[in-house]
Amino acid sequence: MEVLASGKGVYRAPDPDGHREWVRTHKSRELKSKVMSEREAIERFVSDGDYLGYDLCMVRRGPVALYREIIRQRKKNLWLAVRFSLLDPALFIAGGCISRIDIGWFSPGTTSRAMEQGKVKFTEWSNSAMVYRQLAGAMGLPFLPLRYLGGSDVFAHSGAKLVRDPFTGKEICLVPALNLDVALVHVYQCDEYGNARIFGPGLSPLETATCARKLILSTEEIISNEEIRRAPNLTTIPYYLVDAVVHLPFGSYPGSMPGLYGIDTEHIAEMTMADRSDSLEAYLEKWVYSVESHTDMLEKRVGARKLVELMKKETIKEGYHA
Amino acid sequence: MSSELSFTQSEHMICTLANLIEKDKSYWVAIGGQPLMSVLLARRQHAPNVCYVVEDGTVSPQPTTASALIPPGASGGPYYRAIAWKDMNTMGFHCALGYYDYGILDCLEVDMYGNINSSFLGGEWEQPKRRFGGAGGANEIASMCWRTIIVAEQEKRRYRQRVQFITSPGYLDGSPQARERAGLPAGTGPYRVVSDKAIFGFDEESKRMKLLALTPWATVEDVLGEMEFEPLIAEPLGRVTPPTGEQLAILRTEIDPEGRIVGRGQWLSFTPEN
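Same order as they appear, the protein sequences are chains B and S.
Numbering follows my numbering, with no gaps: position 311 of the first sequence is 311.
Here my numbering runs 1000 ahead of the position in the second sequence, where the first position is 1.
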C-alpha cells in the first residue's frame, strides 16, 4: 500500500498479537468475584507509565471517584487518552500524574497552561478519531481507515497516515489502533463478576472497555448474576473483559449519573475557579489527599443532605432502567 | 408605529443560523452553544421536526434546555426524548455514509477557503501562546457532513488570510479536488459563514469565500474592514434578515433563559419597518 503522507505525532505502535498474548495469559475467563475496594483496584491494576483511558467525562457518568484514587495514590507518567473531556486531564495534571496526552477535546485552563509551558507532551487527534482508534483496538486490528483528519494540521500532528486504497485506488486516511493499558468505566449496574449495564447515550463504553488490557469498573449498584441473566440484552460489558469491580455509589460525583443524580453545580464551580486560578492543588488537598476514600469524602466533605438534594434534582427517569 | 429591537451579536447569529435551517435535513452540532440553539429555535418556528445529532450518540432529542454541559435541571435534560441513544462511533458511521446534511461549527479563526482553527493562537504548535481545547468533534463534522456552516464574529483577527492551524478542513489550498486528494468524501465542504454583519458563501470554481448578504447595520466597507483577506462580492448583494421579536422571545424565555450563550457579544439594535 502506497503511503502518501504521514503525521508526525507520537503514538504507541499497535501490537495486536501482543494484546492477544496478554489476554491469553492475564485475563481470567473464570466466573469469580472481582469486587474490591478502589484502593486495591488502583494499586493492582494501574502502574506508573500506563496508557490510561476512560469513558464519558467528569460531568456525566465519568469514573471520577477512580480518578481521585489514582491521584491519591500519586501515580506517575501516565499517558492519558483525552477526548470529550472537561477538567478531567486538569485534575491529573494538578496531581502530577501524567506526562503525555492525546487530544480530542478538553476545557482550557490548567491543561492548556501545561501545554503552553511544555509541562505535558501531546499528540493531536479528534474526539471521534480517538474513539475510532479504540474501536480498532477493540477489534484486534492494527489500524482502521476513516474519512476525516486528512488535509488538516491535526493530521500533520497526529499519528495518522494517508495511503492509496488498494481496492478503489483513491486516497484514504488510516489511524493506528489504540489498546489502552488500563480503562476506567463507571456503570449503572453490574454483578460481582463484572457483567455490566450502561444506560443513556454511550459515547464509547464498549470500545473503551474492550480495547484495554486492564479494565476497572466502578458501579452505582451491584446486582445478582440471576438478574443479569433475566435481561441479557441490557448487558453492555461481559465479565471476561473486566479485572476489577468497585462498588462506588455516587462514583461520578461531582458529575451526574442521568436518571439517578444530578451534577453538584457548587462543586463544579469550586473546581472551575481552582482551575482558572491555578490552584487545583489546594482543591485536591481538600477533596482527595485529606480523605481516605470515596466513601470518606462523601461523609466528610459532601454529606447526606447534599446527596439527597442531587437525587431529587434528577427528575428524568425514563430510559434509565436503574 | 415602529419599535426598536435590541439584541446581542450572539442572538443575531443564532437567528441567522436558524433561518438557514431546512426542515427535512439533518444536522450534526456540538453540545450546547450557538449551533445547537439555532436548531432548537428553528424547531420552534419553521422546522418543528428537524433532526439533529450530537457526538455522544444522542439522536434528535427534545431537550429540556439547551444551556450546555452543566444544565440547571436534571442531568438527563439534554438527552430527553431522543429517538435513539447510540454512541460516538455510530454517529461517525452515519456521517461517513452521508446521512448528515449539515454541520454547524464555531471557531477561533476562519480563512478564505473556509479552513477553521480551534486549536491555538500565537507561538508554535509545540509551545503555543494560547492553547484551546482542540478539534473535538469539529474535524469529523467539517470533513464528512455534506455542507458545513461556520459561525464567526466579524473581526479582522478571526477572518485570516491563512489560519494558523487547520483544525478542521475547508477547501484546504483551494485547488481542484483538494479535499478528495486528502481522503475526504467527495462533494463536501464549507457552505456558509455567518457573522454579526454578513453572510458569506464560497465560489464554486475558485472555492474562495464570497460575500453574499449584508445586515441592515453594515456596509461592504464595514465588513471588509474586519477581514484580513478580500472576499469575492456577489452581485447583487442580498440582505440578512434581522432577528424578529418572536425569535428573541423564544431564545430568552425557552432556549437560553439564563443567557449563557445568547448574552455574548456587543449589543445591536434595529427598528423593523411596519
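The beta-carbon is built from N, C-alpha and C at its ideal position, and this holds for glycine as well.
Write down the C-beta distance between S:ALA1074 and B:LYS313 rounded to the nearest angstrom, noting that I regard them as a contact closer than 8 angstroms. Here residue 1074 of chain S corresponds to residue number 74 of the second sequence, with the count starting at 1. Here residue 313 of chain B corresponds to residue number 313 of the first sequence, with the count starting at 1. Indeed, because the Cβ distance is near 6 angstroms, the residues count as touching under 8 angstroms.
Got a sec, what are the start and stop residues for the alpha helix (DSSP H) S:GLY1189 sits in? One-based indexing of the second sequence puts residue 1189 of chain S at position 189. Run containing S:GLY1189: none in the alpha helix (DSSP H); it sits in the beta strand (DSSP E), 1189-1194.
How would you write the range of the alpha helix (DSSP H) that S:MET1209 sits in, first residue to last? Stepping through the second sequence from its first residue, residue 1209 of chain S is reached at position 209. Careful: S:MET1209 lies outside any alpha helix (DSSP H), inside the beta strand (DSSP E) at 1209-1214.
Can you find a C-beta in chain B that's less than 9 angstroms from the C-beta of S:TRP1146? Here the question's residue 1146 of chain S lines up with position 146 in the second sequence. No, S:TRP1146 does not count as interfacial toward chain B.
Euclidean distance between Cα positions of S:GLN1164 and B:GLU220: Along the second sequence, one-based indexing puts residue 1164 of chain S at 164. Along the first sequence, one-based indexing puts residue 220 of chain B at 220. Computed Cα separation, rounded: 45 angstroms.
Are the CB atoms of B:GLY49 and B:TRP22 nearer to each other than 9 angstroms? In the first sequence, the residue the question calls residue 49 of chain B occupies position 49. In the first sequence, the residue the question calls residue 22 of chain B occupies position 22. Result no, Cβ atoms of B:GLY49 and B:TRP22 do not sit closer than 9 angstroms.
I'd like to know whether the C-beta of B:ARG276 is nearer than 9 angstroms to at least one C-beta of chain S. Position 276 of the first sequence holds residue 276 of chain B. Not a single CB atom of chain S sits nearer than 9 angstroms to the CB of B:ARG276.
If the cut-off is 8 angstroms on Cβ atoms, which residues from the region 1155-1170 of chain S count as contacting chain B, listed in chain order? PHE1165, ILE1166, THR1167, SER1168, PRO1169
Since I believe B:ALA138 is in contact with B:GLU207 (beta carbons under 8 angstroms), could you give me their beta-carbon distance rounded to a whole number of angstroms? In the first sequence, counting from the first residue as 1, residue 207 of chain B sits at position 207. In the first sequence, counting from the first residue as 1, residue 138 of chain B sits at position 138. Indeed they touch by this definition, with Cβ atoms about 5 angstroms apart.
The region 15-30 of chain B touching the region 182-192 of chain B, judged by at least three CB pairs closer than 8 angstroms: no
Can you check the region 1200-1255 of chain S for any beta strand (DSSP E) of at least 3 residues that lies completely inside it and give the ranges in chain order? 1209-1214, 1232-1239
Does the Cβ-Cβ distance between B:GLY151 and S:ARG1162 come in under 9 angstroms? For the purposes of this step, residue 151 of chain B is taken as the residue at position 151 of the first sequence. For the purposes of this step, residue 1162 of chain S is taken as the residue at position 162 of the second sequence. Not a contact, by the Cβ cut-off of 9 angstroms.
Look up B:ILE263 in the DSSP assignment and say whether it is helix, strand or coil. The sequence position of residue 263 of chain B within the first sequence is 263, counting from 1. Looking at B:ILE263 - three-state DSSP - the assignment turns out to be coil, as it is neither helix nor strand.
Can you list, in chain order, the residues of its chain with a C-beta nearer than 6 angstroms to that of B:MET311? Leave out the 5 residues immediately preceding and following it. Numbered from 1 along the first sequence, position 311 holds the residue referred to as residue 311 of chain B. TYR261, listed in sequence order.
Taking the alpha carbon of S:MET1091 as the point to measure from, which residue in B:LEU203, B:ARG213, B:LYS32, B:GLN73 has its own alpha carbon closest? The residue you call residue 1091 of chain S lines up with position 91 of the second sequence. Selected option, being the one with the closest Cα: B:LEU203.
Near S:ARG1200, what residues of its chain come up, given a Cβ to Cβ distance below 7 angstroms and the 5 sequence neighbours on each side ignored? One-based indexing of the second sequence puts residue 1200 of chain S at position 200. The residue you asked about is not Arg; residue 1200 of chain S is Phe in the sequence shown. Cβ within range, chain order: ARG1192, VAL1193, MET1209, LYS1210, LEU1211, LEU1212, PRO1231.
According to DSSP, simplified to helix, strand and coil, what is S:TYR1113? The sequence position of residue 1113 of chain S within the second sequence is 113, counting from 1. Three-state result, S:TYR1113: coil.
Is it right to say B:LEU31 is buried, meaning 16 or more other beta carbons lie within 10 angstroms of its own, or is it exposed? Position 31 of the first sequence holds residue 31 of chain B. It counts as exposed.
At the 9 angstroms Cβ level, is B:HIS294 part of the contact set with chain S, yes or no? By one-based count along the first sequence, residue 294 of chain B stands at place 294. So, not an interface residue.
Where does S:TRP1028 land, buried or exposed, given buried means 16+ other C-beta within 10 angstroms? For the purposes of this step, residue 1028 of chain S is taken as residue 28 along the second sequence, with counting starting at 1. Result: buried.
Counting only C-beta atoms, is B:LEU203 closer than 9 angstroms to chain S at any point? Reading the first sequence from its first residue, position 203 is the one you call residue 203 of chain B. Output row for B:LEU203: interface = yes.
Is the closest heavy atom of the ligand MN to the C-beta of S:GLU1153 under 8 angstroms? The model depicted lacks the ligand MN and carries no ligand whatsoever.
Which class does B:GLY109 belong to by DSSP, given the choice of helix, strand or coil? Residue mapping note: residue 109 of chain B aligns to position 109 of the first sequence, counting from 1. It is coil, neither helix nor strand.
Just the C-alpha distance for B:PHE122 and S:GLN1045, rounded to the nearest angstrom, thanks. As a first step, residue 122 of chain B must be located in the first sequence, where it is residue number 122. As a first step, residue 1045 of chain S must be located in the second sequence, where it is residue number 45. Their Cα atoms are separated by approximately 44 angstroms.
May I ask you to list, following chain order, the residues of the region 126-137 of chain B that have a beta carbon less than 8 angstroms from some beta carbon of chain S? For the region 126-137 of chain B, which is checked against every Cβ of chain S, the residues closer than 8 angstroms are SER126, ASN127, SER128, ALA129, VAL131, TYR132, LEU135.
With a CB to CB cut of under 7 angstroms and the five nearest residues on each side skipped, what residues in its chain are close to S:GLU1011? Taking the first residue of the second sequence as 1, we reach residue 1011 of chain S at position 11. Excluding positions up to five away in sequence, the list reads PRO1243, LEU1248, LEU1251, VAL1262.
Rounded separation between B:ILE98 and B:LEU87 - CA only: Counted from its first residue, the first sequence places residue 98 of chain B at position 98. Counted from its first residue, the first sequence places residue 87 of chain B at position 87. C-alpha separation (whole angstroms): 14 angstroms.
List the residues of chain B that S:PRO1128 touches, going by C-beta distances under 7 angstroms, in chain order. Counting from 1 along the second sequence, the entry for residue 1128 of chain S is found at position 128. By Cβ distance, chain B contributes MET115, GLU116.
In the DSSP output, what is B:MET257 paired with across the bridge? The residue you call residue 257 of chain B lines up with position 257 of the first sequence. In the DSSP output, where bridge partners are listed per residue, B:MET257 has B:TYR261.
The region 1098-1108 of chain S in contact with the region 1017-1035 of chain S per 3-pair CB rule at 8 angstroms: yes
If the cut is a Cβ gap below 7 angstroms, which residues of chain B does S:ASP1256 touch? Locating residue 1256 of chain S in the second sequence gives position 256, counting from the first residue. In chain order: nothing, as chain B lies at least about 17 angstroms away.
Neighbour list for B:TRP105 in chain S, Cβ cutoff strictly below 8 angstroms: Counting from one through the first sequence, the residue named residue 105 of chain B turns up at place 105. Correct list: GLY1133, GLY1134, ALA1135, GLY1136, GLY1137.
Does any residue of chain S have a CB that is nearer than 9 angstroms to the CB of B:THR210? Residue mapping note: residue 210 of chain B aligns to position 210 of the first sequence, counting from 1. So, not an interface residue.
Proximal residues, the region 150-167 of chain B versus chain S, C-beta separation under 9 angstroms: GLY150, GLY151, SER152, ASP153, VAL154, PHE155, ALA156, HIS157, LEU162, VAL163, ASP165
Using only alpha-carbon positions, find the residue among S:ALA1152, S:GLN1062, S:GLY1114 that is nearest to S:TYR1171. The residue labelled residue 1171 of chain S in the question sits at position 171 within the second sequence. It is S:GLY1114 whose Cα lies nearest to the Cα of S:TYR1171.
Quick one: which chain S residues come within Cβ less than 7 angstroms of B:PRO14? Position 14 of the first sequence holds residue 14 of chain B. The contacting residues do not exist; B:PRO14 stays about 18 angstroms from chain S at best.
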